[in-house]
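Before any comments, here is the structure.
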Amino acid sequence: MSDIQQAVREKYGAIASSVTNASTNSGCCAPTGCGCGDPITSNLYSDAETTGLPADAVSASLGCGNPTALLALEPGQIVLDLGSGGGIDVLLSAKRVGPTGKVYGLDMTDEMLALARENQRKAGATNVEFLNGTIEAIPLPDNSVDVIISNCVINLSSDKDAVLREAFRVLKPGGRFAVSDVVVRGDVSPDIRRSMELWVGCIAGALKETEYATKLRAAGFADVEVEPWRIYKLDDARAYLAETGIDVDRLAPQVEDKFASAFVRALKPNAKSCCGPDCCA
């Protein structure tokens, strides 16, 4: 396990434990892993969406967007959530695919998996399965998933090429990749890139918009779109970086206008038909 993976596991394990213990620090994909009072990680889901969900699923939501709103999930589909955390996006997806569909949540943190399975029990979701594993080595067969979602998680990986190759592998031909993530707009300082606290807070490991698109295409995806929808301003950055133990006054201006929450969409093309004498040899 890499140092980054270990740091991510420890940070988000602590978040899950705080939620389980009914702490007021209820978790966000922020450097502190808690709070959710900042403008970047707040108000990502409507009241209509969260009504009926276990409170701990909502309070443990760690995202920077709402990936379940990026496409219309259909009854009977199989969905995979990469880095499923407390399970909010899994449970929302499970409602939409119905009893004939299935939703997998993949997470490498034991505490998060325990929290998610308890939230599944409380929600009475029978078409859900939480898997222990990493997003760089997805424990599912080839061509087995209709839709992949993820919420502010791929930026946490130190091997994003492996993540995107694995996503492409498990998607069925014609399958969709629909992710919320943090992206970089322009160059950022080495101080930010070197900070482990900012890495586990979804900042230091973020890809540039163009780099994200290039990596998706290199993995085999088509119809790639990277759509920033919230550019982080100075006040956003100050709130987001608060209580991290870092020099907020120095680093917040370096985050301003350089980072954004983005919707990332792509398609796994359908297999080409075989029409030549040698193409099936």
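Counting from 662, one number per residue, gives the positions in the sequence shown under the numbering used here. All residues carry an ideal CB built from backbone N, CA and C; glycine is no exception. Here the structure is a predicted model, which means the values were calculated and not measured.
query, result
"I need the DSSP call for Cys697, collapsed to helix, strand or coil.", "Model confidence at Cys697 stands at a pLDDT of 48, short of 50, so the residue's coordinates are unreliable and nothing is read from them."
"Val845 to Leu868, Cα distance in whole Å?", "6 Å"
"I believe Leu732 touches Ala839 by the beta-carbon criterion, under 8 Å. Please report the beta-carbon distance rounded to the nearest angstrom.", "5 Å"
"Who pairs with Ile739 in a beta bridge, going by DSSP?", "Lys763"
"Could you give the DSSP three-state label for Ala798: helix, strand or coil?", "strand"
"Quick one: what does DSSP say Arg911 is sitting in, helix, strand or coil?", "helix"
"Starting from Lys869, follow its DSSP beta bridges and name the residues at the other end.", "Val845"
"Would you list the one or two residues that DSSP bridges to Pro889?", "Ala923"
"Taking the alpha helix (DSSP H) that Ser856 falls in, what are its first and last residues?", "It is not in any alpha helix (DSSP H) - Ser856 carries neither H nor E in the DSSP assignment."
"Helix, strand or coil for Cys732, going by three-state DSSP, please let me know.", "The sequence given here places Leu at residue 732; Cys does not occur at that position. Here Leu732 sits in coil by DSSP."
"Look at the Cβ atom of Glu797, then the Cβ atom of Asp820, and state whether they are nearer than 9 Å.", "yes"
"Tell me which same chain residues have a C-beta within less than 6 Å of the C-beta of Pro930, skipping the five on either side of it?", "Ala883"
"Please determine, among Pro736, Lys833, Gln667, Ala927, the residue with the shortest C-alpha to C-alpha distance to Leu801.", "Lys833"
"May I ask you to report which of helix, strand or coil DSSP gives Cys689?", "The pLDDT assigned to Cys689 is 41, lower than 50, so where the model puts this residue is not dependable; a value taken from the coordinates is nonetheless given after this. Cys689: coil per DSSP, three-state reduction."
"Assuming contact is defined by CB atoms lying nearer than 9 Å, are Ile676 and Ala721 in contact in what I supplied?", "yes"
"Below 8 Å, can you find three or more Cβ-Cβ pairs linking the stretch 884–904 to the stretch 802–809?", "no"
"Alpha carbons only, please: which of Gly866, Ser754, Met769 is nearest the one belonging to Thr787?", "Ser754"
"What does the Cβ neighbour count give for Asn816, buried or exposed, with the cut at 16 atoms within 10 Å?", "buried"
"Look up Phe829 in the DSSP assignment and give the residues it is bridged to.", "BP columns for Phe829 are empty, so no partner."
"For Leu774, does the three-state DSSP call read helix, strand or coil?", "helix"
"Should Gly674 be labelled buried (16 or more other beta-carbon atoms within 10 Å of its own) or exposed?", "buried"
"What residues in its chain sit with their C-beta under 7 Å from that of Pro914, if we drop five residues either side in the sequence?", "Leu895"
"Specify the secondary structure class of Ser720 as computed by DSSP and reduced to three states.", "helix"
"Give the DSSP-derived three-state secondary structure of Asn812 in the structure shown.", "strand"
"Going by beta carbon distance, what residues of the same chain come within less than 6 Å of Val831, once the five residues before and after it are set aside?", "Ile799, Leu801, Ser805, Val806"
"Can you tell me whether Ala784 is helix, strand or coil according to DSSP?", "helix"
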